[in-house]
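Protein chains in written order, with this note's numbering: chain A, 66 to 358; chain B, 102 to 473; chain C, 771 to 1025.
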Amino acid sequence: MILALQRVLDALSVGSTYALLALGLTLVYSVMNLINFAYGMMLVWSAFIAVVMVNANVPAPVVVVGCIVFSALLSVGVGRLAFQPFLTAPPVTLLITSFGVELVLQYAAIFVFGENPRILQVPPVFNEVFHVGGVRLPISELTTIVVALVVFALLYLILNRTSFGLQIRAAAELPDMARLMGVSPGVVLTTVFAISGVIAGLVGVLWFAQVGAVTPRSDIDPTFKAFIAIVLGGLGNTRGAIVGGLALGAIEVFLSAVLPPNVIGYSEGIVFAIVIAILLFRPSGLVGVSARL
Amino acid sequence: MFVGLLGPLLVAALITALAELVQMVTQGEISDIVLLFGINAIMTIGFQAFVGNTGIVSFGHVAFMGLGAYAAGILAVPLALRAIELPSLPSFLAHVELATLWTLILGGVCAAAVALIAGVAILRLSGAAASIATLGLLVIVNNVLVQAHSITRGPQSLYGIPQATTDGWVFGSLLVVVVLSALLKWSDWGLRARSVRDDPIAAESAGVYRLPARLIPFAFSAFVTGVGGALYAQDITAFSPDSFFVPQIVGVLVMAIIGGLGSISGALVGASLISVLAELLRHVESGVVVGPLHVQAPIGISQAVLGVLLVATLRWRPEGILGAQEVEIDPRIWRRPPSPARSTGHSTAVEAQPASSVAVTQPDDAEQSGEH
Amino acid sequence: MTAPALLAVTDLVAGYGGNRVLKEISLEVSPGGAIAVLGANGAGKSTLMKCISGLLKPWQGSITFEGRDITGVPAERRAGLGVVLVPEGRGLFTTMTIEENLLVGATGLRRRMRSGQMRQLLAEGLDRAYDLFPVLKDRRNDLAAKLSGGQQQMVAIARALMAHPKLLLLDEPCLGLAPKVGNEVYRALRILREQGMSLVVVEESTRRALAFVDRACVLKLGSKVLEDDAQNLTRDEALLEAYFGLTSEAKDMTL
């Protein structure tokens, strides 16, 4: 029983991270057909900036804010420069384009920071663990879950209670119609890339704080997880993104609990195989493809 | 159909001749570069055979290269060394040593077998989801290669593979796969795959179903890529699963896109151009003297250049150099003057439009919504 | 000379891909006027609307609004200038409520207004919409997807009005609606006309359109083949039908 609770907590924590990633990715996808292969690099850059700031003895809260701002700016810059010209292109073209963008961003990181891992030192409190009735409650995991909840709530408010959110939803469902109403595609894109960047900045710090170190090539893991999560949940659908992320977290934790030790190395492959199997039966994902934000 | 073959075959023959010329002129000094170029050309052909015929951009083809490399490599390592390197190899693998031809075929067949199995799941999905699924395939294959210690040496390098790859094998294989790819393109299978690509619903009502139509190009392209991997294994003689993962995706991808995703000749042209470019960049990375200037670019800049090239091509010339046009050779021209009716030749101009829209902004959508 | 035109389309040439659809169309709408654009399917009526609203960039020719050349102005800015299109099929945002749909309609005004003004304008706009279509008021928080065709058309028109247009373009406002419902729509349009709105209506139903507008023109295969005062065309309706295959009287069951 205790073990089950533990697992649930772990799954929630891992799943929340993936859900956040998927959300950042889906937000952009819903407005333009971009599944961003370079998203992981946003996290990596955020983590590197965190490393630089931490090494300069900047206090932790400022580091977080700094990373968020940096990532938002980077995301908007890359979005307007590299992706906006492809506004009406089909998803595959954009996927390949984002692959090219990933290469450039990665090279830039190699150029600036070198290939070697950089340690991201976190304040000791982050590594503390509560113990409640036999269940381990790592602060890091709790933080992740809380942050995720806050982001989900904020995003919900933005999308459903502000005029900007209304414009984004309109542009996501019927881009031409939205234009006729006066919704500027440029403004929507900037907003969406900015929000996506903020999420990337946050998750970048969280992710690599838990991993401990970051290299310019560390983007593959987050990117893949994000991809799986959105495809699992249903493309273009924020609800799907959250469900997909949580489901992926659940699958991973479940596998690590259930698989015998000699097979556990295969868990990455098995997860992918499970996802592909799910897609076979529900090609539109667990929640389904829709324009609903 | 046979006339359509001649164009790509001629380009392949030209490339082979050029490669041999280079080998002679440089007296074999840059043989490894020439061989690698030939192997890249083969893999670009394999890649194009799938993407051109199905319209699905695969990010996972490196997996087939890896499978071919390991299949060929393991069975090419001399028995004595193999017993040391892979002591727990199952007996049917431990005692077989294959001649080069068989390693190539085996490499191709292994890759094709995996493609058939995985394809049943992946090829049911559409467009971007299928592309992401092929990435999944890459991860799964990589995972297996790293974990199956007894067969592959896991994350450690597999070494000691005899260097059996020669110009003959590489360029001979290139010519063969070019012919095969052209045969596929103009066969019923190719037509069916492209009809599904262009209009899956109409195709289905004509009795052409998505999965079987896509499966054949997928398996063929895996076979070709596997052969490329087998050649690669017996060229570099040592490798690890790392050699076949995400960083290796971009090379063939750029080559195919630059050349034109719909065209076999294009794949050859793209492979040639990018190989030359990559070489130049490598030189610049290690420092080059140009007149009074010493130019040195930071290591890894080739990655950035390829990335920029990729985006720029998709932006300004998404159909690549050749689009879906093949180089056309029609021997009948020599017998009588060309009549006006033959102006479009055998490159099935009807297909030129949709094929080039594989990685293109859909022109109709763009115009209809008033966005230019 | 009459007052300067509110909207002037001059020698417009436009199309999709390699297809030329509009072949040098010219058109004028005077302030407070209403014209109908008639013609069979494929004549180019919708294409013309797309050009005027900015969704389609013309290959040649110009579009002037209130004396200002707007040919190069992107679609999202035209609403703010006073040109609003209610497209064919209505284009409601199905994942939003009626009220949310209406609020989106006012986006075009934001550029010109400050936030305090905006709030007031939104409130006024909503009031006006609910006055014009009282049915919508009760259902303001319902999802747009749940409405009937006629109600959706009302929302579409009300939404267009939120931007305070000077020129309202309607592409087949009665498409798919029962004739009685179509009459309701035209009743609302009449009220708008009385309030001084200028209108361009694309219609297949010639009779109803001709009864409503001042002038009408007929498009055929991308060219304007006829333009006259509505009352003259009404008299020659039989001729129109015979020559241009326009929708016959039989479709208009009630009036």
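By construction, the Cβ of each residue, glycine as well, lies at the ideal position given by its N, Cα and C atoms. Since the structure is predicted, the reported quantities are computational estimates derived from the model, not experimental observations.
Quick one: is residue i near chain A, going by C-beta distance under 8 Å?
{"i": "leucine 989/C", "result": "no"}
{"i": "isoleucine 402/B", "result": "yes"}
{"i": "threonine 877/C", "result": "yes"}
{"i": "glutamate 836/C", "result": "no"}
{"i": "isoleucine 223/B", "result": "yes"}
{"i": "leucine 226/B", "result": "yes"}
{"i": "glycine 237/B", "result": "yes"}
{"i": "methionine 924/C", "result": "no"}
{"i": "alanine 216/B", "result": "no"}
{"i": "valine 377/B", "result": "no"}
{"i": "leucine 411/B", "result": "yes"}
{"i": "alanine 933/C", "result": "yes"}
{"i": "methionine 866/C", "result": "yes"}
{"i": "proline 313/B", "result": "no"}
Can you list the residues of chain C that residue i reaches, using a CB-CB cut of under 7 Å?
{"i": "alanine 235/A", "result": "Phe863 and Val874"}
I want to see whether chain B comes within less than 8 Å of residue i, judged by CB atoms only; does it?
{"i": "glutamine 232/A", "result": "no"}
{"i": "threonine 209/A", "result": "no"}
{"i": "threonine 35/A", "result": "Given a span of 66 to 358 for chain A in the structure shown, any question on residue 35/A remains unanswerable."}
{"i": "leucine 160/A", "result": "yes"}
Within the same chain, show all residues whose beta-carbon is closer than 6 Å to that of residue i, passing over the 5 residues directly before and after it, in chain order.
{"i": "leucine 825/C", "result": "Ala845"}
{"i": "proline 188/A", "result": "Ala125"}
{"i": "glycine 220/B", "result": "Leu316 and Phe319"}
{"i": "phenylalanine 337/A", "result": "none"}
{"i": "leucine 797/C", "result": "Val779"}
I'd like the list of long-range same chain contacts for residue i, defined as Cβ closer than 8 Å, with 5 residues on each side in sequence excluded.
{"i": "histidine 250/B", "result": "Ser189"}
{"i": "alanine 213/A", "result": "Ser81, Thr82, Ala84 and Leu85"}
Using a Cβ-Cβ cutoff of less than 7 Å, which residues in the same chain neighbour residue i once the five nearest sequence positions on both sides are dropped?
{"i": "glycine 350/A", "result": "Val296, Leu297, Gly298, Gly299, Leu300, Gly305 and Gly309"}
{"i": "arginine 201/A", "result": "Gln71 and Val194"}
{"i": "isoleucine 339/A", "result": "Ile316"}
{"i": "serine 440/B", "result": "Model confidence at serine 440/B stands at a pLDDT of 49, short of 50, so the residue's coordinates are unreliable; what they give is reported in the following sentence. Here the set comprises nothing."}
{"i": "glycine 802/C", "result": "Gly966 and Ser968"}
{"i": "alanine 236/A", "result": "Val96, Ala243, Val248, Pro250 and Val253"}
{"i": "arginine 848/C", "result": "Ser823, Gly824 and Ile840"}
For residue i, count neighbouring Cβ atoms within 10 angstroms of its own Cβ and tell me buried if that reaches 16, exposed if not.
{"i": "valine 129/A", "result": "buried"}
{"i": "asparagine 120/A", "result": "exposed"}
{"i": "alanine 986/C", "result": "buried"}
{"i": "tryptophan 270/B", "result": "buried"}
{"i": "alanine 413/B", "result": "exposed"}
{"i": "leucine 115/B", "result": "exposed"}
{"i": "isoleucine 302/B", "result": "exposed"}
{"i": "serine 918/C", "result": "exposed"}
{"i": "arginine 957/C", "result": "exposed"}
{"i": "valine 853/C", "result": "buried"}
{"i": "methionine 125/B", "result": "exposed"}
{"i": "threonine 91/A", "result": "buried"}
{"i": "tryptophan 829/C", "result": "exposed"}
{"i": "leucine 146/A", "result": "exposed"}
Could you name the residues of chain C that residue i contacts, counting a contact when the two beta carbons are closer than 8 Å?
{"i": "alanine 134/A", "result": "Looking at the sequence provided, one finds valine at residue 134/A rather than alanine. Under the 8 Å cutoff, chain C gives no residues; its nearest Cβ is about 25 Å from valine 134/A."}
{"i": "leucine 239/A", "result": "Gly861 and Phe863"}
What does residue i touch in chain A if you count any residue whose Cβ is under 8 Å from its own?
{"i": "valine 240/B", "result": "Phe289, Glu333, Gly334 and Phe337"}
{"i": "alanine 357/B", "result": "Near alanine 357/B there are no residues of chain A at all, since even the closest Cβ is about 10 Å away, more than 8 Å."}
List, in chain order, every chain A residue whose beta-carbon is nearer than 9 Å to that of residue i.
{"i": "alanine 234/B", "result": "Val296, Phe337, Val340, Ile341 and Leu344"}
{"i": "leucine 906/C", "result": "Going along chain A, no residue has its Cβ under 9 Å from leucine 906/C, so there is no contact; the nearest lies around 17 Å."}
Quick one: which chain B residues come within Cβ less than 8 Å of residue i?
{"i": "tyrosine 172/A", "result": "Gly401, Ile402, Gln404, Ala405 and Gly408"}
{"i": "phenylalanine 292/A", "result": "Ile233 and Leu236"}
Would you mind telling me which residues of chain A sit closer than 7 Å to residue i, beta carbon to beta carbon, in chain order?
{"i": "glutamine 248/B", "result": "Gly330 and Tyr331"}
Does the distance between the C-beta of residue i and the nearest non-hydrogen atom of the ligand ATP fall short of 7 Å?
{"i": "isoleucine 293/A", "result": "Because no ligand of any kind appears in the structure shown, any question about the ligand ATP cannot be addressed here."}
Between residue i and chain C, is there a C-beta pair that is closer than 8 Å?
{"i": "arginine 244/A", "result": "yes"}
{"i": "serine 349/A", "result": "no"}
Using the beta-carbon of each residue, which ones in chain B are nearer than 7 Å to residue i?
{"i": "leucine 168/A", "result": "Val351, Gln404, Ala405, Leu407 and Gly408"}
**OP:** Scan the segment 807-843 of chain C and note each continuous beta strand (DSSP E) run of 3 residues or more that stays entirely inside, going in chain order.
**Re:** Annotation note: the segment 807-843 of chain C contains the following uninterrupted beta strand (DSSP E) runs of length 3 or greater, listed N- to C-terminal: 830-835.
Original post:
Which residue spans inside the segment 267-322 of chain A form an unbroken alpha helix (DSSP H) run of at least 4?
Top reply: Whole alpha helix (DSSP H) segments, 4+ residues: 285-298.
Subject >> Length at least 4, wholly inside the segment 850-882 of chain C: the alpha helix (DSSP H) runs in chain order >> reply: Those alpha helix (DSSP H) runs which fall completely within the segment 850-882 of chain C and span 4+ residues are 868-875.
Subject >> Length-filtered (3 minimum) beta strand (DSSP E) runs lying within the segment 322-358 of chain B >> reply: The qualifying runs do not exist here; there are none.
Original post:
For the segment 82-167 of chain A, which segments carrying the alpha helix (DSSP H) assignment without a break, of at least 4 residues, lie completely within its bounds, in sequence order?
Top reply: If we require 4 residues or more, the alpha helix (DSSP H) runs fully inside the segment 82-167 of chain A come out as 104-120 and 125-143.
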